[in-house]
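Residue numbers for the sequence shown follow this note's numbering, beginning at 88 and rising by one. Here the structure comes first, spelled out in structure tokens, and everything after it is commentary.
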Amino acid sequence: MNREPLKRRGLLLVLSSPSGAGKTTLAKRLLAAEQENLHMSVSVTTRAPRPGEVDGRDYTFLDTTRFTALRDAGGLLEWAVVFGNYYGTERSQIEAAIARGHDVLFDIDWQGARQLAERMPHDLVRVFILPPSGRALEERLRSRNADSDDIVAKRMAKAADEISHWPEYDYVIVNHDVDESYRALTAILTAERLKRERQTGLSDFVRDIEREL
Ligand code: 5GP
88 MNREPLKRRG LLLVLSSPSG AGKTTLAKRL LAAEQENLHM SVSVTTRAPR PGEVDGRDYT
148 FLDTTRFTAL RDAGGLLEWA VVFGNYYGTE RSQIEAAIAR GHDVLFDIDW QGARQLAERM
208 PHDLVRVFIL PPSGRALEER LRSRNADSDD IVAKRMAKAA DEISHWPEYD YVIVNHDVDE
268 SYRALTAILT AERLKRERQT GLSDFVRDIE REL
């Protein structure tokens with residue numbers, strides 16, 4: 088009897104939210120629970136590494152010349168300018184992963200999500216995380232002592248811009264409670280993995296069943 092998992096095509100899971108809405112916590116938890124099947128997309132960026140960030144793990148850090156060369160050669164699946172720096176997703180990394188049946192998690196902004204929706208609509212699952220209120224978001228941003236008032240103000244403006252794009256997402260989770268939000272997120276992932284068109288091994292599997300009948 089065939090006990091191998093059914094072959095399937097991986098999916099692209101985009102998790103977006105304004106910073107401070109709890110996206111990073113949810114993403115870390117999901118990645119820890121799904122070490123086999125879900126991998127974080129490592130973006131390329133022209134921004135400088137922050138203390139503790141590792142090249143090739145957190146981002147691939149490129150200068151602007153190398154970034155634009157990669158982009159102009161068609162090497163990026165999507166790219167955007169955020170806070171004055173370039174960010175992008177390398178095409179080769181993503182296409183290879185989903186062909187192998189691996190899912191990829193993205194931490195990209197709405198501009199990137201929109202481009203992925205144009206280029207790979209059938210592979211994309213977009214989830215937007217909303218904060219329970221504007222005040223809660225501001226409090227979370229202020230409690231991050233690493234950020235100056237100026238940066239908090241910039242992030243609040245960016246948050247308003249980001250939130251306005253919620254209708255472009257397939258699922259929306261209001262993050263009242265992180266455990267509840269996490270359960271919702273895993274339910275989405277489970278259901279999306281079971282979509283018939285992603286289960287590319289189904290025809291063979293059903294043929295085997297039919298032979299036994
Ligand atoms: P940070 O510099 O704080 O790591 O990221 C700043 C913003 O850039 C975040 O909103 C993040 O979602 C977005 N971002 C990071 N990587 C990418 C990417 O590859 N493409 C796009 N479009 N946005 C990205």
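Don't be surprised by glycine CBs; every beta carbon is placed ideally from N, CA and C.
Relative to the C-alpha of residue i, which candidate in the options has its C-alpha closest?
i: ALA135; options: TYR174, ASN124, SER106; result: TYR174
i: ARG137; options: ALA160, LYS245, PHE148, LEU203; result: PHE148
i: SER220; options: PRO92, PRO105, GLY97; result: PRO105
i: HIS189; options: LEU113, LEU125, ASP266; result: LEU125
i: THR176; options: PHE170, HIS252, LEU228, ASP194; result: ASP194
i: ASN262; options: HIS252, ALA108, GLY143; result: ALA108
i: ALA274; options: SER290, LEU203, LEU228, VAL259; result: VAL259
i: THR133; options: GLU284, ARG144, GLY139, VAL169; result: VAL169
i: HIS209; options: PRO92, ILE296, GLU91, GLY97; result: GLY97
i: ARG201; options: LEU157, LEU272, ALA160, HIS252; result: HIS252
i: ARG187; options: ARG153, LEU99, LEU228, GLU249; result: LEU99
i: GLY143; options: PHE154, VAL131, ASP237; result: VAL131
i: ILE185; options: GLU249, GLN286, ASP295, PRO254; result: GLN286
Would you identify the three-state DSSP class for residue i, choosing helix, strand or coil?
i: LEU163; result: strand
i: PHE215; result: strand
i: THR151; result: helix
i: ILE260; result: strand
i: SER103; result: strand
i: GLY109; result: coil
i: VAL131; result: strand
i: VAL168; result: strand
i: LEU98; result: coil
i: THR273; result: helix
i: GLY143; result: coil
i: ASP190; result: strand
i: GLY288; result: coil
Assuming residue i and residue j make a contact with CB atoms under 8 Å, what is their CB distance in whole Å?
i: TYR269; j: VAL214; result: At roughly 12 Å, the Cβ-Cβ gap does not stay under 8 Å, so TYR269 and VAL214 are not in contact.
i: LEU217; j: VAL101; result: Not a contact, Cβ separation roughly 15 Å.
i: GLY288; j: LYS110; result: No, GLY288 and LYS110 are not in contact; Cβ-Cβ is about 32 Å, not under 8 Å.
i: LEU272; j: LEU113; result: 6 Å
Check whether the Cβ of residue i sits closer than 7 Å to any heavy atom of the ligand GTP, and report yes or no.
i: VAL168; result: No copy of the ligand GTP appears in this structure; the ligands present are the ligand 5GP.
Item to check | Three or more C-beta pairs below 8 Å linking the region 153-167 and the region 175-184 | outcome: Verdict: yes, contact present.
Checklist entry - Does the region 235-251 come close enough to the region 114-129 to have 3 or more Cβ pairs within less than 8 Å? => result Short answer: they don't touch.
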